[in-house]
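*Asks:*
In our numbering, the protein residues as written are 647 to 934.
1. Under the assumption that residue 680 contacts residue 674 (Cβ atoms under 8 Å), give the Cβ distance between them as a whole number of angstroms.
2. Once the 5 residues before and after residue 729 are set aside, which same chain residues still bring their CB inside 6 Å of it?
3. In terms of residues, what are the limits of the alpha helix (DSSP H) holding residue 906?
4. Measure the Cβ-Cβ separation of residue 698 and residue 719 and say whether it is below 8 Å.
5. Please return the same chain residues whose Cβ sits closer than 8 Å to the Cβ of residue 891, not counting the five positions on each side in sequence.
6. In the DSSP assignment, the alpha helix (DSSP H) including residue 666 goes from what residue to what residue?
7. From residue 926 to residue 659, what distance separates their C-alpha atoms?
8. Pick out whichever of 805, 833 and 766 has its Cα sitting closest to the Cα of residue 793.
9. Is it the case that the segment 846-858 contacts the segment 867-882, given that we only count it when at least three CB pairs across the two stretches are under 8 Å?
10. Quick one, which of 657, 775, 750 and 696 has its alpha-carbon nearest residue 912's?
11. Measure the Cβ-Cβ separation of residue 654 and residue 662 and say whether it is below 8 Å.
12. Give me whichever residues DSSP pairs with residue 685 in a beta bridge.
13. May I have a chain-ordered list of the beta strand (DSSP E) segments no shorter than 3 residues that lie completely inside the segment 771-840?
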């Protein structure tokens, strides 16, 4: 059964996409079949990081009659990429018949052992829909106060919407582990005090000049500098994921996941204080 994991953030500029991409590459290097779904509405940062120019996107499946297999970019450094960013917005306006057809089509992704979603930043409907549908959500934060505040707002919405999956946190762009621990402790304390929702630490990604170099080269830092500090951090995070989801977590079958996800897209979520955070990303795990 597939592990479905949504990687998200409250604020843009925290290195979310870079972490998602390099994590996907590490899982692939360990022998797992991986699909990375670019669900970052409008930005398509995965394409930028890899220098890709997709001929088709999810929009062509929704409006152009293509099958899901026809838009997947195969074996990009061992990972299959689904360019969904152009087309995610259309998910909110699909007629019932098309909705059921799309749910069946997307269920074909169950052949992957890991399906990773890289969402937009913020608390827009597309972000919350992917998060609420996923049994596992990874929130990327940095030590910056605005990152912590916006991530708190994201978790608050998930709490309000009665999210019942696993929430984990990665602290990015840290000078050292002391800084990472301090940031996570502040975040965890606020969550415990005001939201009473369980979150767990998944790992830390340290600041590393090799990351910036890799972004400029449009190559993943895990491949250009496999022994760099940031790469070693990604490997630790990947190993922790491989150890398995929490014992109490119920993993849905792919058809059930997509049915639930598309239902969330079709129904307005009434997110208060909406703040989308779409600025270009930059941070310890990448400019994007």
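Positions of the beta carbon are idealized from the N, C-alpha and C atoms, including for glycine. Keep in mind that this is a model prediction, so the values were computed, not measured.
*Replies:* The short version:
1. Walking along the chain shown from the start, residue 680 turns up at place 34. Walking along the chain shown from the start, residue 674 turns up at place 28. Contact flag correct, Cβ pair sits at about 5 Å.
2. Residue 729 sits at position 83 when you count from the first residue of the chain shown. If we look at residue 729 and ignore the five residues flanking it on each side, its Cβ neighbours are 684, 700 and 703.
3. If you number the chain shown from 1, residue 906 lands on position 260. Taken as a continuous stretch (DSSP letters only), the alpha helix (DSSP H) holding residue 906 covers 900-912.
4. Taking the first residue of the chain shown as 1, we reach residue 698 at position 52. Taking the first residue of the chain shown as 1, we reach residue 719 at position 73. Taking 8 Å as the Cβ cut-off, residue 698 and residue 719 qualify as a contacting pair.
5. The sequence position of residue 891 within the chain shown is 245, counting from 1. Answer for residue 891: 649, 781, 782, 812 and 897, listed in chain order.
6. Along the chain shown, read from residue 1 onward, the residue named residue 666 stands at position 20. Where residue 666 is concerned, the enclosing alpha helix (DSSP H) stretches over 662-675.
7. The count along the chain shown starts at 1 and reaches residue 926 at position 280. The count along the chain shown starts at 1 and reaches residue 659 at position 13. Caution applies to residue 926, whose pLDDT of 37 falls short of 50 and renders its modelled position unreliable; the value that the coordinates give is listed next. Approximately 6 Å, taken between the alpha carbons.
8. For the purposes of this step, residue 793 is identified with residue 147 of the chain shown, where counting begins at 1. With distances taken between Cα atoms, residue 793 lies closest to 833.
9. yes
10. In the chain shown, residue 912 corresponds to position 266, counting from 1. The shortest Cα separation from residue 912 among 657, 775, 750 and 696 belongs to 775.
11. The residue you call residue 654 lines up with position 8 of the chain shown. The residue you call residue 662 lines up with position 16 of the chain shown. Closer than 8 Å, so yes.
12. As a first step, residue 685 is located in the chain shown; it is residue number 39 there, counting from the start. Residue 685 pairs with 765.
13. 782-787 and 812-820
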